[in-house]
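Asks: Chains as they are written, first to last, in the working numbering: chain A, 6 to 136; chain B, 6 to 136.
The C-beta atom is built at its ideal place from N, Cα and C for all residues, glycine as well.
There are 2 protein chains.
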Amino acid sequence: MLRITKITDYGFILLAHMANQDQELLHNAKDLSAAIGIPLPTVSKVLKILTQGGILKSHQGSKGGYTLGKPAAEITAAEIIEAVEGPVAITDCSSAEGCERNCVVSSSWQQVNTAVIGALSGLTLDDMSHG
Amino acid sequence: MLRITKITDYGFILLAHMANQDQELLHNAKDLSAAIGIPLPTVSKVLKILTQGGILKSHQGSKGGYTLGKPAAEITAAEIIEAVEGPVAITDCSSAEGCERNCVVSSSWQQVNTAVIGALSGLTLDDMSHG
DNA sequence: CCAATTAAGACTAAATAGGTCTACTATTTT
DNA sequence: AAAATAGTAGACCTATTTAGTCTTAATTGG
Chain A
6 MLRITKITDY
16 GFILLAHMAN
26 QDQELLHNAK
36 DLSAAIGIPL
46 PTVSKVLKIL
56 TQGGILKSHQ
66 GSKGGYTLGK
76 PAAEITAAEI
86 IEAVEGPVAI
96 TDCSSAEGCE
106 RNCVVSSSWQ
116 QVNTAVIGAL
126 SGLTLDDMSH
136 G
Chain B
6 MLRITKITDY
16 GFILLAHMAN
26 QDQELLHNAK
36 DLSAAIGIPL
46 PTVSKVLKIL
56 TQGGILKSHQ
66 GSKGGYTLGK
76 PAAEITAAEI
86 IEAVEGPVAI
96 TDCSSAEGCE
106 RNCVVSSSWQ
116 QVNTAVIGAL
126 SGLTLDDMSH
136 G
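#1: Histidine 64 of chain A to tyrosine 71 of chain A, Cα distance in whole Å?
#2: With distance defined between alpha-carbon atoms, name the residue in A:Met133, A:Pro76, A:Ile85, A:Gly69 nearest to glutamine 28 of chain A.
#3: Anything in chain A within Cβ reach of valine 48 of chain B, meaning under 7 angstroms, just list it in chain order.
#4: Any heavy atom of the ligand FMN closer than 8 angstroms to the CB of asparagine 25 of chain A?
#5: Indicate the three-state DSSP secondary structure (helix, strand or coil) for leucine 7 of chain B in the structure shown.
#6: To the nearest angstrom, report how far apart isoleucine 54 of chain B and lysine 68 of chain A are at their CA atoms.
#7: Excluding five sequence neighbours on each side, which residues of the same chain lie with their C-beta closer than 8 angstroms to the C-beta of isoleucine 95 of chain A?
#8: Say whether chain B places a C-beta atom closer than 9 angstroms to the C-beta of leucine 7 of chain A.
#9: For alanine 24 of chain A, I'd like the list of residues in its chain whose CB is within less than 6 angstroms of its CB, leaving aside the five on either flank, ordered along the chain.
#10: Give the range of the alpha helix (DSSP H) segment to which leucine 52 of chain B is assigned.
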């Protein structure tokens, strides 16, 4: 499988939607829910996580909402996945700290992992929102 | 996360162990379990899956066991993961059949997926078993 | 025939993910 | 100041997936 989770997938959809409009515009959870067709509580949860991960900036209170934390061309797929799911690692062997059991396959996994992160870092939100 | 499953991980360990020895040698599940320290029922399950996926060849009956289906240098990480987990796809959008909801981000995911498969196809069991 | 060994798949339990809800805090408007 | 709007935090339950074990059948060598 080697899949991203549904929450991450929703995150990409929400971010692509926001990137396709005026970047100064504040989007609230209710409007985004209506526009995209994902239930409000779920949208709210995803936006919260993206904000905690630094991808979005939030503005509380009446007339509040969310905006992108920086230009869409500077937000990469790697950053988004890390914000929602934590560090990208194919196996425990391939995490930054290395593999505690020091297995023979460890160094090979780190090569694969580097390649995967490279691919994800080369893709920006701007690329994705334009199809 | 973006992780392979534990079963796949065990598969790599078992295959690397087999690749490090005479390729004609028949390995039975019991000996492999003892050598690697994974419980017999689990080892047995993994070997069965790898056989169904075409990575291993099996020999039934007394004095039976498993051997690699082809030289270690010709078995790639991509093949092994596919054998255990099915087609590699980061999201539903990135699978070979494409995304039924035809979302805007679809074509970008296919690029990422191609890059990931490329990385996994460039790594052979022979590479991994030598560290 | 008998012992060893793989094959198939059912089954339980544990872990993860998905989704919702409630209570709280902050900001704007009236 | 009060009310309305919107984000914040985190608990909570459910569904799905994954891990691991077990049982029964089929195959082969001696």
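Replies: By the coordinates alone:
#1: 6 angstroms
#2: A:Pro76
#3: Ordered by position in chain A, no residue passes the 7 angstroms Cβ test against valine 48 of chain B, which lies about 16 angstroms from the chain.
#4: Here there are no bound small molecules, and the ligand FMN is not part of this structure.
#5: coil
#6: 56 angstroms
#7: Leu7, Trp114, Val117, Asn118, Val121
#8: yes
#9: Ala77, Leu130, Ser134
#10: 45-57
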